[in-house]
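All residue numbers for the sequence shown refer to this note's numbering, where the first residue is 1 and numbers rise by one.
Backbone N, C-alpha and C fix where the C-beta goes; we use that ideal spot for every residue, glycine too.
Presented below is the structure to which this report refers.
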Amino acid sequence: AMMSGQIAIETIKTCEKKDRLDKLGSTYEKTLDRRFLKILKAKRIARDKIFTDDESLKKFLKLWEKHRASEIVMKKLLD
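As C-alpha cells, then:
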C-alpha cells in the first residue's frame, strides 16, 4: 500500500510537470502494471508450487518466518 501511494505521488508530479493531468489515471495504471505485474505473476506460479505437496508447503512456511512472500518468489528461494 505504501509503495502504491508513492507511485501515485510520482505519477501526479510527472503528469503536472508534463502538463498532462488528463492522463493521470492511465499513467498511474501503466506504472502499477510495470512494477507489480511481474511480482503478481511470480506469486501465482509460486502458489501453484507451494500447494503441490506437504513438503513444498513446509518449505514455504519456514522461509516465510524470515522473508516476505514477494522476496521469496523474486529471489526464487523455493527452487
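Member of the options whose CA lies at the smallest distance from the CA of residue i
i, options, result
"Ser4", "Lys18, Asp19 and Asp33", "Asp33"
"Thr27", "Lys38, Ile45 and Glu10", "Glu10"
Check whether residue i and residue j have beta carbons under 7 Å apart
i, j, result
"Ile7", "Thr31", "yes"
Inter-residue CB distance, residue i and residue j (contact presumed, cutoff 8 Å)
i, j, result
"Leu63", "Leu77", "5 Å"
"Ala69", "Lys43", "7 Å"
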